[in-house]
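Residue numbers (this note's numbering): 260 to 661. Note that the Cβ used here is the ideal one computed from N, Cα and C, for glycine as well. Keep in mind the model is a prediction, meaning the values are calculated, not measured. Accompanying notes for the structure given below.
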Ligand code: F3S
């Protein structure tokens, strides 16, 4: 990969060891993927925040970087960490984990990252514009930025996103290039028109698994912004794609040439069958119901509070968690109060990156991304029940008598 004179000097250590290490990583990635050079980015989003996922090795690496003077040079946000700052004990997190988590956050703070730990920074005003080049880790954020906004990012790992944030540039390959943003598979979703609302997460699992890394062009659905968020997260988890187009909805859909594309058709039957396969436990077995993967939007949280208003709590042995960003939670104090009669609104964390297994064995969820990760070894080894928001909230509440 070609480097400018200034970039060569950074690589040679002229700007200190932290910048040198960051440049080494970007140069290695650029060489690996055949990039022609580095391009400036407007933002970065960094994952590798939870102590559960990075452990001692990751913590040491971050502390070393911070000690060497690493500082981000573009606005940079962080993914969820392993615990809510106030409610960690109720979550089943132990003191050792909590303290290590705090050390990780201090290292990131020292490097100048914004201390809002959320996988949906685009919901709280930390969003690039159409056509911006960014470096985003976190597959759910990455796919939304590419697809819902039309910004350009590869699916970065935590270290490469942090390196890009420090240098303010990323290697020019993959989804930064026009030719890699073209639709490759035409997906026709053919559902019964009477159906109230398509189950976007489930449809996302089918598409993700089928197309893997290809770019799908999807016809037959009209997702809202929240649907796009949940749809994309499912596709990215069950496949490895980071961009999709939806006919008449996403910003780059109109530029696509559909002639001669490979085709995939999805029917109600496919959706029903896949929905059944997502669950490995029965609803009666759940000891935790967890929403907010990806983090909940203002509208989703209001809808849940509205549903719960006028109801009463049942099944005290089943915990209820709703994960969102601090910004969303603090903007909805009234709704949060309603929800707290039933469970917890958690900030800065989520059910996947916390040590959920300390306290829970079977999780009820409405997220196909969480249904992919939570049963995995290292991510909680949970058994899961996949259901709709209404079904799961109805399991822990009922209309007040009279
Ligand atoms: Fe976000 Fe955690 Fe899900 S980081 S996308 S809520 S796994």
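At a threshold of 7 Å, residue 630 does not count as near the ligand F3S, since its beta carbon sits no closer than that to any of the ligand's heavy atoms. When the Cα atoms are used, residue 406 and residue 618 turn out to be separated by approximately 36 Å.
Cβ atoms of residue 462 and residue 530 come within 8 Å of each other, at about 6 Å. Residue 340 has its CB no nearer than 7 Å to any heavy atom of the ligand F3S.
With a cutoff of 7 Å, residue 554 counts as near the ligand F3S, since its C-beta is closer than that to a heavy atom of the ligand. DSSP places residue 550 in the strand class (E or B) of the three-state scheme. In this structure, DSSP gives residue 267 a helical state, which the three-state scheme calls helix. Three or more Cβ pairs closer than 8 Å define a contact, and the segment 632 to 643 meets that threshold against the segment 605 to 612. Counted as a single uninterrupted DSSP element, the stretch harbouring residue 367 is not any beta strand (DSSP E) but the alpha helix (DSSP H) occupying residues 354 to 369. For residue 351, the CB contacts under 6 Å within the same chain, skipping 5 residues up- and downstream, are 617 and 618 in chain order.
Nearest C-alpha to residue 648 among 614, 586, 550 and 419: 550. About 5 Å separates the Cβ atoms of residue 336 and residue 304, confirming a contact at the 8 Å cut-off. CA-CA distance, residue 559 to residue 630, rounds to 19 Å. In the structure shown, residue 609 adopts coil according to DSSP, grouped into three states. Taking C-beta separations shorter than 8 Å and ignoring five residues to either side along the sequence, the partners of residue 621 in its chain run 540, 544, 545, 546, 547, 641, 642, 643 and 644, following chain order. At least one heavy atom of the ligand F3S sits closer than 7 Å to the Cβ of residue 551. Checking the 7 Å criterion, the Cβ of residue 401 is out of range of every heavy atom belonging to the ligand F3S. Going by C-alpha positions, residue 656 is about 10 Å away from residue 650. By the Cβ rule, the segment 286 to 303 counts as touching the segment 431 to 450, because three or more pairs are nearer than 8 Å. Closest in C-alpha terms to residue 495, from the list 484, 480 and 474, comes 474.
Looking at the DSSP output, residue 644 shares a beta bridge with 623. Using a cutoff of 7 Å, the CB of residue 538 does not count as near the ligand F3S, since none of the ligand's heavy atoms is closer than that. In the three-state DSSP reduction, residue 449 falls in the strand class (E or B). In the same chain as residue 382, and ignoring 5 residues on each side of it, the C-beta atoms closer than 6 Å to its own belong to 556, in chain order. By DSSP's assignment, residue 586 forms no beta bridge with any residue. Out of 497, 574, 502 and 575, the CA that lies nearest to the CA of residue 537 is found in 497. The bridge partners DSSP lists for residue 571 are 657. Here residue 520 is near residue 442, since their CB atoms are less than 8 Å apart. The residues 427, in chain order, have a CB closer than 6 Å to that of residue 332 in the same chain once the five nearest residues on each side in sequence are set aside. Residue 399 holds the alpha-carbon nearest to the alpha-carbon of residue 380 among 363, 659, 399 and 362. If only uninterrupted beta strand (DSSP E) runs of at least 3 residues are considered, those enclosed by the segment 408 to 438 are 428 to 430. Relative to the ligand F3S, the beta carbon of residue 582 is positioned inside 7 Å of a heavy atom. Comparing C-alpha distances from residue 411 to each of 390, 542 and 470 shows the shortest one belongs to 390. Residue 525 is bridged by DSSP to 448. C-alpha of residue 569 to C-alpha of residue 594: approximately 12 Å in a straight line. Rounded to whole angstroms, residue 287 and residue 280 show a C-alpha spacing of 11 Å.
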